[in-house]
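Below is one structure, written out as structure tokens; the observations come after it.
Numbering (my numbering), first residue to last: -2 to 320.
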């Protein structure tokens, strides 16, 4: 994974941001992570930002950006949480916000159709992005703003999440009608501790999770939640973080092959310098429930490649280096 971000300040009120990302794991495309279609450098985010919150608490941005929905953060040194995988949005749109003291409110008009991540609203019965007919908003407050100990609480809503397709489910396919989602999150931070908790859920069941050839499993809502903690030990010239995180994705009733996908991560990270972090993680996953054909449709009528008993154990070693 490699990225290059550039920020340009035109003047005190106008800035431009662009982020180039190389990450085959996050690139949608045919084949595995070695396929040429997934080995591309992408403009992950790019937008214009208008505002100067030191003079006025209002700002506005336009372009390709993160959807203001949820915390979707993690205490892990590297691995993203399941909530981010399930609901972390990226889309074209226009965002406006108000930030004053510990209060922060954001609202985004999102282009309809199937967007880059976690947003889909039908556009004249198609998945073609065009009309600004989707939206999301987030509101949060930080207690102890500016102090060593802070407590953040917030809530979000999106009109059209990614979980709206009929059976069989395929990436970025059109929906008959949108399926919104809500999210609530908490974060405590101090000089040594960081603790997070988050829960997200769709408004309605995801109709595509019902396979008519396996009728014993009814369609279900999509939920995802995360809880994690990190403790920092400071040495003379370095800091070491110890972290533990558990997150879950649920898309079916108990017993369904696509009922859940869990992720538990134990991590340790040491900052050799302020811009170099060495890390190690032990990751345990239970359940396999990918969005594409999650309830079947590409195998025999009563089969699916989802598997609620699948599990993996992973040891990851790496470094984050920035300049």
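Glycine included, C-beta positions come from ideal geometry on N, C-alpha and C.
CB of residue 245 within 8 Å of CB of residue 221, strictly | yes
Measuring CB to CB, does residue 64 end up less than 8 Å from residue 87?
-> Cβ distance < 8 Å, so residue 64 and residue 87 count as in contact.
Below 8 Å on the Cβ atoms is my guess for residue 235 versus residue 267; work out the distance and round it to an integer in Å.
-> About 6 Å separates the two Cβ atoms, so the contact holds.
One or two residues paired with residue 135 in a DSSP bridge = 103, 153
Residue span of the alpha helix (DSSP H) that contains residue 80, given as start and end = Annotation for residue 80: the continuous alpha helix (DSSP H) segment containing it runs 79 to 84.
DSSP three-state call for residue 98: helix, strand or coil?
-> coil
Buried or exposed: which applies to residue 69, given that a residue is buried once 16 or more other Cβ atoms fall within 10 Å of its Cβ?
-> Residue 69 comes out buried.
Residue from 303, 49, 157 whose Cα sits closest to the Cα of residue 124 = Closest option to residue 124, Cα to Cα, is 157.
Out of 280, 126, 108, 95, state which residue places its alpha-carbon closest to the alpha-carbon of residue 54.
-> 95
Reference residue 289; option with closest CA among 57, 159, 283 | Its Cα nearest to that of residue 289, the residue 159 stands out among 57, 159, 283.
Can you give me the Cβ contacts of residue 58 inside the same chain, cut-off strictly under 6 Å, excluding the 5 residues immediately before and after it?
-> The beta carbon of residue 58 sits closer than 6 Å to the beta carbons of 44, 46, 92 from its chain, once the five residues preceding and following it are set aside; these are given in chain order.
Starting from the C-beta of residue 209, find all residues in its chain whose C-beta is less than 6 Å away, skip the five residues before and the five after it, and write them out in chain order.
-> none
Would residue 11 be called buried (16 or more neighbouring beta carbons within 10 Å of its own) or exposed?
-> exposed
Should the region 126 to 134 be called in touch with the region 241 to 256, which here means at least 3 C-beta pairs below 8 Å?
-> no
Residue 311, buried or exposed, once every other Cβ within 10 Å from all chains shown has been counted against 16 = Classification for residue 311: exposed.
Spatial neighbours of residue 30 within its chain, please: CB distance less than 7 Å, with the 5 preceding and 5 following residues excluded, ordered by chain position.
-> 21, 22
Can you give me the start and stop residues for the beta strand (DSSP E) that residue 32 sits inside?
-> Segment: none, residue 32 is in no beta strand (DSSP E) and carries neither H nor E.
Rounded to whole angstroms, what's the CA-CA distance from residue 3 to residue 282? Just pull it up for me.
-> Going from the Cα of residue 3 to the Cα of residue 282 covers about 35 Å.
Going by other Cβ atoms of all chains shown within 10 Å of its Cβ, with 16 needed for buried, is residue 149 buried or exposed?
-> buried
Taking residue 124 as part of the beta strand (DSSP E), name the residues at either end of that continuous run.
-> Neither: residue 124 is in no beta strand (DSSP E) and is coded neither H nor E.
Residue 22 in three-state terms, based on DSSP = helix
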